[in-house]
Amino acid sequence: DTAVSQTPKYLVTQMGNDKSIKCEQNLGHDTMYWYKQDSKKFLKIMFSYNNKELIINETVPNRFSPKSPDKAHLNLHINSLELGDSAVYFCASSPTQPSGNTIYFGEGSWLTVV
Amino acid sequence: GENVEQHPSTLSVQEGDSAVIKCTYSDSASNYFPWYKQELGKRPQLIIDIRSNVGEKKDQRIAVTLNKTAKHFSLHITETQPEDSAVYFCAASSPGTYKYIFGTGTRLKVLA
Numbered sequence: 134d135t136a137v138s139q140t141p142k143y144l145v146t147q148m149g150n151d152k153s154i155k156c157e158q159n160l161g162h163d164t165m166y167w168y169k170q171d172s173k174k175f176l177k178i179m180f181s182y183n184n185k186e187l188i189i190n191e192t193v194p195n196r197f198s199p200k201s202p203d204k205a206h207l208n209l210h211i212n213s214l215e216l217g218d219s220a221v222y223f224c225a226s227s228p229t230q231p232s233g234n235t236i237y238f239g240e241g242s243w244l245t246v247v
Numbered sequence: 050g051e052n053v054e055q056h057p058s059t060l061s062v063q064e065g066d067s068a069v070i071k072c073t074y075s076d077s078a079s080n081y082f083p084w085y086k087q088e089l090g091k092r093p094q095l096i097i098d099i100r101s102n103v104g105e106k107k108d109q110r111i112a113v114t115l116n117k118t119a120k121h122f123s124l125h126i127t128e129t130q131p132e133d134s135a136v137y138f139c140a141a142s143s144p145g146t147y148k149y150i151f152g153t154g155t156r157l158k159v160l161a
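Protein sequence lines, in the order shown, are assigned to chains A and B.
With this note's numbering, the residue at position 40 of the first sequence is 173, and numbering never jumps.
With this note's numbering, the residue at position 104 of the second sequence is 153, and numbering never jumps.
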């Protein structure tokens with residue numbers, strides 16, 4: 134049983150295209166996240182959602198639009214993809230706010246924009 | 050804004066030796082400090098954590114120490130093994146903030 138699952142795992146697409154990454158957690162957690170890991174391995178928060186409500190939008194371009202239909206799902210849609218969007222995108226979840234709580238990561242989605 | 054600095058960026062040790070990774074955080078309200086291990090092509094996974102009311106925590110070969118006054122915390126791995134080779138991330142989290150701030154990562158290589 135995968136606790137945090139995201140699809141697709143690999144995505145190669147051309148500049149200017151629109152793509153989505155889906156994420157689901159079966160841990161019963163209230164809080165979900167999107168993190169971006171670039172080629173230098175830096176892990177940076179993009180978005181946090183708590184009970185479907187957006188809590189954090191960490192200065193991410195508005196080409197990135199997260200959507201949480203319910204607290205178990207957090208999807209990421211990216212419009213007009215650029216070369217600089219190439220990265221690994223990790224979905225994650227925690228029981229509630231992360232202070233004192235473990236964040237569990239999905240397996241990552243490797244996005245390559247060509 | 051909040052920041053977590055992590056050093057060194059790369060670390061090579063001989064099998065059986067100890068490894069130490071250090072982090073410094075900026076937000077004095079931070080109260081939770083997890084450490085994650087990320088193997089090549091895998092997800093980051095929690096290996097140990099410490100809360101601000103504790104100075105030290107140990108789990109077998111892994112230990113973490115926290116100095117709240119200096120805003121420093123460190124990961125100590127003893128008797129390193131080749132399977133300890135990975136990228137290690139420290140992180141800090143503050144109450145009421147829905148995020149971890151991660152350090153920049155340390156690539157640990159354990160040489161057999």
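Ideal Cβ placement from N, Cα and C applies to all residues, glycine included.
Bear in mind that the values here come from a model prediction, so they are computed numbers and not experimental data.
- Contact annotation: cysteine 72 of chain B and glutamate 51 of chain B have beta-carbon atoms that are not nearer than 8 Å.
- One alpha carbon belongs to lysine 117 of chain B, the other to serine 101 of chain B, and they sit about 7 Å apart.
- Inter-residue distance for alanine 161 of chain B and proline 228 of chain A is about 39 Å (C-alpha atoms, whole angstroms).
- Secondary structure in the segment 144-174 of chain A: the beta strand (DSSP E) runs of 3 residues or longer, each lying completely within the stretch, are 152-158 and 164-170 in chain order.
- DSSP, reduced to helix, strand and coil, places proline 199 of chain A within a strand of the structure shown.
- Annotation for glutamine 55 of chain B: the continuous beta strand (DSSP E) segment containing it runs 53-56.
- Apart from sequence neighbours up to five positions away, the residues of its chain that approach threonine 114 of chain B with a beta-carbon distance below 6 Å are Glu105 and Ser123, ordered along the chain.
- For the pair of segments examined, the segment 231-241 of chain A was found not to touch the segment 183-200 of chain A: the number of CB pairs separated by less than 8 Å stays below three.
- For lysine 158 of chain B against serine 61 of chain B, the beta-carbon gap comes to about 5 Å, under 8 Å, which counts as contact.
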